[in-house]
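Remarks on the structure that follows.
Number of protein chains: 2
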Amino acid sequence: MRYKIKLMSKIRLFCDESLEEKKEIHIDGDNFHYLSNVMRCNIGTTIFLFNEKDGEFESKILKKMKKNIILIIYKRIQYQKLKNTFHLAFCAPKSNKLDTLIQKCTEIGVNSFIPVISDHTENRKLNINRLKKIIKEAVEQSNQIHIPDIYKPISFKNFVNNIEEKDCMVFFADIQSNISFPKLKIDNTNSNIIFIGPEGDFSVNELNILRKKNKFVSFTLGKRILRSETAAISSLVLFNSTQD
Amino acid sequence: MRYKIKLMSKIRLFCDESLEEKKEIHIDGDNFHYLSNVMRCNIGTTIFLFNEKDGEFESKILKKMKKNIILIIYKRIQYQKLKNTFHLAFCAPKSNKLDTLIQKCTEIGVNSFIPVISDHTENRKLNINRLKKIIKEAVEQSNQIHIPDIYKPISFKNFVNNIEEKDCMVFFADIQSNISFPKLKIDNTNSNIIFIGPEGDFSVNELNILRKKNKFVSFTLGKRILRSETAAISSLVLFNSTQD
């Protein structure tokens, strides 16, 4: 049974270098460990390689050595171009809640992650490289080509002031709002940001600032109190449903 | 800063026994540990108690001893009745993916969980008591009153045959379907089930069975390949958005 599942699933790897037919690709490090020990691939196994520039290619394992694997690319494949339209500004929760947020939002489809430090933000120093790894794995797994950016954390004040100068709209989740999602007017010619507060919500002061600004539009996710990461995931599902 | 967040958040506990004004409630075990060691509550701290029969009540800590706490209920509060309309049939993934599925779906709002054993289901023996604990905590946290049921795992065959005899519709996620969510006709006078396949999807045989049955309607979540738990969460967000 386990084998059956493994045979069915497509093995996809993001590849830093340029890709073209007949090229040999050398795999070592983490990717070698994944192919060799986790997926137990052998000579001849098909591996899909992709990057943002060249697209997606079918390759096969040509050689397998102690610490690396050589792949040969034999065919460029058509891939579905998926739009990742919405940016997600969020106040990072701690540890595995943050990992869930990053992994799930990447799978669902997001343009970029903007960590914001608000009054109640729990997690202020992010290990961006670790999060990039989670993003890369989620892109590999979910049949996408584009890797969402993740920015360095920015203060609430700077985030709000930056938006004022830019041509974009921010939709922020506010349990007291009476605008439910279907009533939102989303202009897709604009750059749109979804903004989710921390556990314990935005502070009273922050909510006052957000509610006064023209470029910020509140919306409600209903009467259930969602954890911060669940609110981010739910919002992205709803906003993306206007795109597909 | 940590204190500020704790003061803001409402402490809610599900209570097995009947609740009424002026009644004393004795807390021990896990709930004692949570109040005493995790939340560091003291005499006078407000605790919200609820059950499905009596609703929600405000109580205060009257006495604190070595291994138990006595609460006194002083006020019944109005609580928002939230409909948990949709049932979720799912093929259980392993370990923390299953925990994420159960926790997030409870938060978002679900009527009941129906674990189904399909050809590719990874996790066939569930620790139902452990999952009930996750459900209870998510209900406490998300301002709901009703505790979703979770049934014992049922075989794919029995699940499909049972549905035939009942007055309900099943919406099943199928990446090859061309019915996107907004096109689905959902009749809320019926009992509705959302059915999500395992990692590696339903088997060819199972898909053939599902596609032939009148009570089963396929829908697509888009072209991204979602993990099983992400598909469950996303579907529930979308279906619930037709309710609020």
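Those protein sequences? They're chains A and B, same order as listed.
Residue numbers for the first sequence follow the working numbering, so the first one is -19 and each next one is one higher.
Residue numbers for the second sequence follow the working numbering, so the first one is -19 and each next one is one higher.
For each residue, glycine too, the CB sits at the ideal point set by N, CA and C.
Same chain, Cβ closer than 7 Å to residue i, five either side skipped, listed in chain order
i      : result
D79(A) : I114
N91(A) : N64, T65, F66, H67, P128
L62(A) : G89, Q124
Buried or exposed by the 16-neighbour rule on C-beta atoms within 10 Å, applied to residue i
i         : result
K146(A)   : exposed
I184(A)   : The amino acid at residue 184(A) is misidentified as Ile; the sequence shows Val. Exposed: under 16 other Cβ atoms inside 10 Å.
V18(B)    : exposed
T169(A)   : exposed
S198(A)   : buried
K(-10)(B) : exposed
S98(B)    : buried
Whole-angstrom distance between residue j and residue i, CA atom to CA atom
i         : j       : result
C74(B)    : E102(B) : At residue 74(B) the sequence reads Lys, which differs from the Cys that was named. About 6 Å.
K105(B)   : F93(B)  : 15 Å
I23(A)    : K43(A)  : 6 Å
K163(B)   : I174(B) : 15 Å
H100(B)   : Y131(B) : 19 Å
N158(A)   : I205(A) : 15 Å
I50(B)    : H6(B)   : 5 Å
N31(A)    : E120(A) : 10 Å
L(-13)(B) : K137(A) : In this prediction, L(-13)(B) scores a pLDDT of 41, lower than 50, which makes its location untrustworthy; the coordinate-derived value is nonetheless stated afterwards. Near 24 Å, if we compare the C-alpha coordinates of K137(A) and L(-13)(B).
N141(A)   : V96(A)  : 13 Å
I143(A)   : T86(A)  : 23 Å
G9(B)     : D181(A) : 30 Å
F(-6)(B)  : A211(B) : 29 Å
K192(A)   : K3(A)   : 56 Å
I108(A)   : N107(B) : 36 Å
I134(A)   : N194(A) : 21 Å
Q156(B)   : A118(A) : 21 Å
Own chain, CB closer than 8 Å to residue i, minus 5 neighbours either side, in chain order
i         : result
E1(A)     : F37, I53, Y54, K55, R56
S208(B)   : F70, C71, P73, K77, L81, I176, G177, P178, E179
I88(A)    : I213, L216, V217, N220
K(-16)(A) : Any answer about K(-16)(A) is weak, because its pLDDT of 40 lies below 50 and its placement is not dependable; what the coordinates show is given next. Contacts found: none.
S160(B)   : F199, T200, G202
S(-2)(B)  : N31, K33, D34
Cβ neighbours of residue i in the same chain (closer than 6 Å, five flanking residues each side left out)
i       : result
G35(A)  : Y59
F139(A) : V96
L111(B) : I82, I130
Nearest neighbour of residue i, chosen from the options [CA to CA]
i        : options                             : result
V150(B)  : S171(B), N107(B), I130(B), K163(B)  : S171(B)
T25(A)   : L15(A), K40(A), S160(A)             : K40(A)
F12(A)   : R20(A), L(-7)(A), N48(A)            : N48(A)
D167(A)  : F136(A), I134(A), T222(A)           : T222(A)
I189(B)  : A211(B), T210(B), K165(B), D154(B)  : D154(B)
H126(A)  : L15(A), D8(A), L29(A)               : L29(A)
E186(B)  : F152(B), T210(B), C(-5)(B), A211(B) : F152(B)
K84(B)   : S98(B), K46(B), I108(B), K116(B)    : K116(B)
R(-8)(A) : L15(A), N107(A), E4(A)              : L15(A)
C148(B)  : F196(B), I27(B), C21(B)             : F196(B)
Any chain D beta carbon closer than 8 Å to residue i
i      : result
T80(B) : The structure shown contains no chain D; its protein chains are A and B.
In chain order, each alpha helix (DSSP H) run of at least 4 residues that lies wholly inside the segment 142 to 211 of chain A: 184 to 192
Just to confirm the assignment: which complete beta strand (DSSP E) runs, minimum length 3, are found wholly within the segment -4 to 70 of chain A? 4 to 7, 26 to 31, 35 to 44, 49 to 57, 67 to 70
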